[in-house]
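First the structure, in the form of structure tokens, and then the observations on it.
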Amino acid sequence: MRGWRRTPERTDPRGRPATGRPARSRRGRIRAVAAVGAVGALTAGAAVLPGAVPHRADRTHPVGHGAPLAQGGRARSDDSQDSGAYSDFEDETGPQDCDSPEASLRPSGASGPAVKRIRAKGFLVAGVDQNSYRWGYRDPATGRLGGFDIELVRAIAANILGDPDKVVYRAIPTSQRVPALRQRTVDVVVRTTTINCARARQVAFSTAYFQAGQQVLAARNSPITGYDETLRGRRVCTAKGSTAQAELAKKSYGARLLPPVPNQLDCLVRLQLGEADAVITDNALAAGQAAQDPSVELKGSPFTDELYGVAMNKDDTDLVRRVNKVLDDYRAGGKHSRWQRAYDEWLAKDLGKGKTKPPKPKYKD
Amino acid sequence: MSQPPSTGGPVPTGRPHGPGAAGTHSVPGAAGAYSVPGTTGAPGPGGAYSTAGPAGTAGLPGPADTYSTAGPAGTAGVPGAPGSPGDPGAGAAAPAPPAPEAAPPAWREALDRLRAAAVTEPGRLRSIGAVLAVLILAFGTVTAWQVSERASSADAVVHRSQPLSADAARIYRSLADADATAAGGFLAGAKEPREVRVRYERDIRTASTRLAKAAANTGGSAAGREQITRLGERLPVYTGLVEAARANNRQGLPLGGAYLRYANDTMARELLPAARELYDIESARLDQDYTEAKAGPWAAVAIGVAALGALGWAQWRHRVRTNRVFNQGLLVATGCCTAMMLWLAVAHGMARAGLNESNDRGAASLRVLNQARIDTLRARGAENLTLVARGADVVTEGPDQGRDAYEVLFQEQLDELVGGSGRAEGPAAPDSLLGRAAALADDEAGRTPVAEALRGVREWQQRHRTARETDDKGDYDKALKTVIGKEGSTGESFDRVDTALSRALAHEQREFRSAADDGRAAFTGLAVGAGVLAVLGAAGAVLGIGRRLAEYR
């Protein structure tokens, strides 16, 4: 699956966010046609690729519909996030210079004004989540924050300030990520933030540090096998404003959609209480849910592509380069990289050991 | 009663009549019926008064002393006056005649006797006595009935509806308290102080026992029972969610927070509205009992006026006919009726004043203070949940879009409490709950705790702001301490407000009770007294008339 996902064709059509907005500019329309063409090629290719899942083909939309662009058989998501995040990421229409939002600035270890500012403060202010198990979560017993995202923040602090503990963690709601960066109340946001065009216009992203995708979570003994026909008649829980909600609106496989809940974790509550049969959220967060309840597991494969990046203020270009440098170091070393160690510590148990590798960095300059 | 002369008069004597009288008596049957009395009534002396009418008109000196005086007076002196009170009597007698045509002799006989009662003086006197006795007894009965009804409504205010409304308020408050306490205990996690757990358990116990009590007492109000059922159904669900939250939290799982938010949601969307509804229903019943207890006893007053009027007229008639000024029996009856009337008026006035005071001073304040206390509890719950949720629940629409949902709820509750949309100083806005409570408190003992509560709220607002700023800066631990710590925490301010409000509630409850008791006491003995007076009065009237009647034997 994952090898297939990284075929060269895939990069081509990922020009637009996956909200299924109509291509409004002429350029967009041309791109849309190109995208569908590429999708066609892909689906054709998929037939010969071993392990290609048939439902991928369902996801390609006829040109006549114009609207929902299926990018390389996978939808890109605007927001893989947990809660109602639509507010601050309005997709302004118009010419979109956004072929690959995950392309960032080349890494550099130099200290520019932003890095100097952080050094002057003596601590890094990081916007994090405190409710996402395995990503960013405060253990009530110890009061300590831990998770895959937190590990990365510590690496950044260690690089800039020489001490991984010189960090002020601010819990910021999903919807406050962009305003917090713009008002500089935080230096970086490391909070399972999906890189997409709408956000890339408002904030700067580092290179991608994790690849996730929407996936189905259900009880181990459930007949549900993934995002497919087995969902028919099942009650599915999604978070308000999430990618999963948008995806299900497009194709639900006859699932009964429960009223969206404020937070993805609320879906696990519904699942445990028997009010829902399945949860659809991104696999990174679903892994956090599975980690809290051994009787549930991730089903099937991820059916969207989501790349997580560290978000920063658009003006802090030196900080972006610096963080990219940190990420380069973080990813380096293959099986013994710090990235891999963090993955093994926090995520491997529920996402599968050795199943996910760090995404390859892309640069725009 | 002096109508019979004119009734009898027209046909045999051809005496000219008023148009009204002619109309009434044009029925031939009436003439036929009239001729009978002579045969059925005792001849001879009986004739003397059976033909009283003609005698009166003709000015024949009748054997009866009374009559001869009455007769001339009736014709010459006041022709209209005796006729007009008599008219109803005639009217009552008139509709009967048409039927007797086919009626059997027994019927006719009874009817004739009736007519005799109407046309002969002893008969008239008997009627007058009977009517007076009936009126007085009716006055007594209706007074006793209406007074005991009001007294039982007043009793219901004190013993039933106010306690039930207080119970409903208690359920409402316990639930809100349980929710705030659960969130506080959750924040403390494994270090949850024992008293927090005890308080939560006591809240749940109070809510369930009061619910059971309310279910037993709710006296057939379908709407009330529905809410009680709903509460009974959802409360175990709520406690289950809270326990799941605790268990997960103790495992160090964020799922606990999600459970707690779900529990809070269940509380806010299902339990609290049902408790609120129950409280409103019980409050409405209290209002109704108040209204019923305060309603004017108009039926009793009307009959009392009629009885007194009839007594007055009977005595006037007595004087006119006999030249005697007083009839002792009738005087006693009049005295009894007057006493009853005065007692009724005074008792009603006092009860009304007492109940009004208990409502204004007590019940109205209790209502506002109860709501204030619940808002305080909900604000506290929201404050705790802000730290539990840590941004997991954000308002998605409206002017507060993007803000933490619990922080918004906290501000909403405080706005209701003191108004001023977040302003943290000065007096409470007049239309806010504490502003209204201060206005309703009518003595120092009532105003002091309300003022103390306001000071507590102001302190709370400032500390809350500090806590929020600390949390926003990223110092979660310090923010947590500012919220659930011992000294200088918002929890301390909250306790201060809650204690002050509970003192104010206790004070108003006492005010309510003493004023209501005063009001209730006003009715004491009146129902029984009315009965005794009525019997006395009726006896007086009967005896008085009896004395007069004896003069005909």
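Residue numbers (the numbering used here), protein chains in the order written: chain S, 901 to 1265; chain W, 0 to 552.
Positions of the beta carbon are idealized from the N, C-alpha and C atoms, including for glycine.
The structure displayed is predicted, hence computed values, not measured ones.
**Study point:** Test item: CB-CB of S/Thr1042 and S/Tyr1208 under 8 Å
**Key:** In this structure, S/Tyr1208 does not lie closer than 8 Å to S/Thr1042 by Cβ.
Review point. Looking only at DSSP bridge pairs, what is S/Gln1114 linked to?
Key: S/Asp1182
Practice item. State the start and end residues of the unbroken alpha helix (DSSP H) segment that holds S/Val1015. Key: Pro1013 to Lys1021
Practice item. May I have the straight-line CA-CA distance separating W/Gly487 from W/Ala363, to the nearest angstrom? Key: 34 Å
Check your understanding: Along chain W, which residues have their Cβ under 7 Å away from the Cβ of S/Ser1075?
Key -> Close to S/Ser1075, with beta-carbon spacing below 7 Å, are these residues of chain W in chain order: Val393 and Gly401.
Practice item. Kindly indicate if chain S contains any beta-carbon less than 8 Å away from that of W/Asn216. Key: Answer no: the Cβ-Cβ gap between W/Asn216 and chain S never drops below 8 Å.
Review point. Can you tell me whether DSSP reads S/Lys1199 as helix, strand or coil?
Key: strand
Practice item. Mind the definition here: the stretch 176-191 of chain W touches the stretch 385-399 of chain W only if three or more C-beta pairs lie below 8 Å; say whether that holds. Key: yes
Review point. Exposed or buried, S/Tyr1230, counting other C-beta atoms within 10 Å across all chains shown (16 or more means buried)?
Key: buried
Exercise for review: Look at the alpha carbon of S/Gln1076 and the alpha carbon of W/Thr465, and state the distance between them as a whole number of angstroms.
Suggested key: Going by the C-alpha atoms only, they are around 20 Å apart.
Review point. Taking Cβ-Cβ distances shorter than 8 Å, what residues in chain S pair up with W/Asp178?
Key: Against chain S, a Cβ distance below 8 Å from W/Asp178 picks out nothing, because the smallest value is about 17 Å.
Practice item. Name the two residues that bound the continuous beta strand (DSSP E) containing S/Asp1250. Key: Not the beta strand (DSSP E): S/Asp1250 falls in the alpha helix (DSSP H), residues Ala1248 to Leu1251.
Check your understanding: Taking Cβ positions only, does S/Val939 come closer than 8 Å to chain W?
Key -> Here the model assigns S/Val939 a pLDDT of 42, short of 50, so the residue's position is not dependable and the matter cannot be decided.
Check your understanding: My guess is that W/Leu234 and W/Ala206 are in contact by the Cβ rule of under 8 Å, so how many angstroms apart are they, rounded?
Key -> 6 Å
Review point. For chain S, is any of its Cβ atoms less than 8 Å away from the one on W/Lys472?
Key: yes
Check your understanding: Would you call the CB atoms of W/Gly361 and W/Ala520 closer than 8 Å?
Key -> no
Check your understanding: If you measure from the beta carbon of S/Asp1141 to each beta carbon in chain W, is any gap under 8 Å?
Key -> Per the sequence presented here, residue 1141 of chain S reads as Gly, with Asp not at that position. Yes, S/Gly1141 counts as interfacial toward chain W.
Review point. What residues of chain S sit near W/Ala246, judged by a beta carbon separation below 8 Å?
Key: Chain S residues near W/Ala246: none, gap ~11 Å exceeds 8 Å.
Point to revise | Interface partners of W/Arg389 on chain S, CB under 7 Å | key: Gln1030, Asn1031 and Ala1071
Practice item. Evaluate the contact criterion for the stretch 1211-1223 of chain S versus the stretch 270-283 of chain W: three or more CB pairs, one atom per stretch, below 8 Å. Key: no
Review point. At least one CB of chain W closer than 8 Å to the CB of S/Ala1190: is that the case?
Key: no
Check your understanding: For W/Arg435, does the count of other Cβ atoms within 10 angstroms reach 16, so buried, or fall short, so exposed?
Key -> buried
Review point. How about W/Leu252: is its C-beta nearer than 8 Å to some C-beta of chain S?
Key: yes
Review point. Does DSSP classify W/Ser282 as helix, strand or coil?
Key: helix
Point to revise | The beta strand (DSSP E) enclosing S/Tyr1153, as first and last residue numbers | key: Element bounds for S/Tyr1153: n/a, residue is neither H nor E.
Review point. Can you tell me the Cα-Cα spacing of W/Arg454 and W/Val496, whole angstroms?
Key: Cα-Cα distance, rounded: 8 Å.
Practice item. List the endpoints of the continuous alpha helix (DSSP H) containing W/Asp414. Key: Ala404 to Val417
Check your understanding: Roughly how far, in whole angstroms, is the beta-carbon of S/Thr1204 from the beta-carbon of S/Glu1147, given that I think they are within contact range, below 8 Å?
Key -> Yes, they are in contact, since the Cβ atoms of S/Thr1204 and S/Glu1147 sit about 7 Å apart, within 8 Å.
Exercise for review: Give me the Cβ distance between S/Asn1031 and S/Gln1115, rounded to the nearest whole Å; I'm assuming they're in contact under 8 Å.
Suggested key: With 8 Å as the limit, S/Asn1031 and S/Gln1115 do not qualify as a contact, their Cβ atoms being about 19 Å apart.
Practice item. Taking only beta-carbon positions, decide if W/Ala189 is within less than 8 Å of chain S. Key: yes
**Study point:** Spatial distance of W/Pro53 from W/Tyr551 (CA atoms)
**Key:** Low confidence applies here, because W/Pro53 scores a pLDDT of 39, under 50, leaving its location unreliable; read the following figure in that light. Near 19 Å, if we compare the C-alpha coordinates of W/Tyr551 and W/Pro53.
**Study point:** Nearest-angstrom Cα separation, counted from W/Arg351 out to W/Val156
**Key:** One C-alpha to the other measures close to 13 Å.
Review point. Just how far apart, CA to CA, sit S/Arg1156 and W/Thr290?
Key: 53 Å
Point to revise | Complete beta strand (DSSP E) runs within the stretch 430-502 of chain W (minimum length 3 residues, chain order) | key: none
Review point. What's the call for W/Leu532, buried or exposed, on a 16-neighbour Cβ count within 10 Å?
Key: buried
Check your understanding: When the Cα of W/Gly251 is compared with those of S/Ser1142, S/Arg1017 and S/Arg1044, which residue comes out closest?
Key -> Taking only the C-alpha atoms, the option nearest W/Gly251 is S/Arg1044.
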